[in-house]
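Reviewing the structure listed below.
Below is the structure:
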């Protein structure tokens, strides 16, 4: 399967249906091979290229004027993605839009757009337990994390740990091609310390906010 075909995921695709069913039933979903390997490798290469050229910056916590870099909370480096920057990124955004439409059809969440960034965790970096929805902004409805790490082993760390009902923990290994999706305001989670460089695309499906502008 080539990258061009990744743009045209059918709304009836069983994997999209599985994500929607999982969200409805559990509030989260994990799909082992969401996109083809050649697209995954192209996305990883794009992330590394941007990092080598100094385009990724330390991520902050908070939002607006209160945002600040606090490496004791999170240590990843990020760059936001916009359409038209790279073919591989456009392919990924197209696939995410197909998922957005499937979620809307199945769950009626009124998701209007998708924002995402590359995230690179250097060795030793982590992200403390948190929720993805801001206290003063409820637009983020569904989080989506897509992993780009070939040959990842459990001893490499960097697992996404989701805290589910009754605070039961579920760990997602950040292996290449894996997609984790969960309700942004309902699933606390953290990133465990990574022992090697860890790459992902982290994003959020958003509904319309209360601001009329």
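Residue numbers (my numbering): -6 to 206. A virtual CB, placed ideally from N, CA and C, is assigned to each residue, including glycine.
* Through-space distance from residue 111 to residue 77, alpha-carbon basis -> Locating residue 77 in the chain shown gives position 84, counting from the first residue. Locating residue 111 in the chain shown gives position 118, counting from the first residue. In a straight line, the C-alpha of residue 77 is about 15 Å away from that of residue 111.
* If you run the structure through DSSP and keep just helix, strand and coil, what is residue 121? -> Working through the chain shown from its first residue, we reach residue 121 at position 128. The answer is strand: DSSP assigns residue 121 an E or B state.
* Sufficient close CB pairs (3 or more, under 8 Å) joining the region 174 to 189 to the region 78 to 89 -> no
* **Straight-line Cα distance separating residue 32 from residue 193** => Sequence index remark: in the chain shown, residue 193 carries index 200 (1-based). Sequence index remark: in the chain shown, residue 32 carries index 39 (1-based). About 13 Å.
* Asked: CA-CA distance, residue 158 and residue 116?
  -> The sequence position of residue 158 within the chain shown is 165, counting from 1. The sequence position of residue 116 within the chain shown is 123, counting from 1. Residue 158 and residue 116: Cα-Cα distance of roughly 30 Å.
* **Inter-residue Cα distance where the pair is residue 16 and residue 147** => To locate residue 16, count along the chain shown from 1; it is residue 23. To locate residue 147, count along the chain shown from 1; it is residue 154. In a straight line, the C-alpha of residue 16 is about 26 Å away from that of residue 147.
* Residues that residue 145 bridges to, as DSSP identifies them -> For the purposes of this step, residue 145 is taken as the residue at position 152 of the chain shown. Residue 145 pairs with nothing; no bridge assigned.
* To do: Report the residue from 106, 190, 24 and 66 whose alpha carbon sits nearest the alpha carbon of residue 135.
  => Here residue 135 refers to the residue found at position 142 when the chain shown is read from its first residue. The shortest Cα separation from residue 135 among 106, 190, 24 and 66 belongs to 106.
* residue 125 versus 119, 118 and 133, residue with shortest Cα-Cα distance -> In the chain shown, the residue the question calls residue 125 occupies position 132. Cα-wise, what sits closest to residue 125 is 133.
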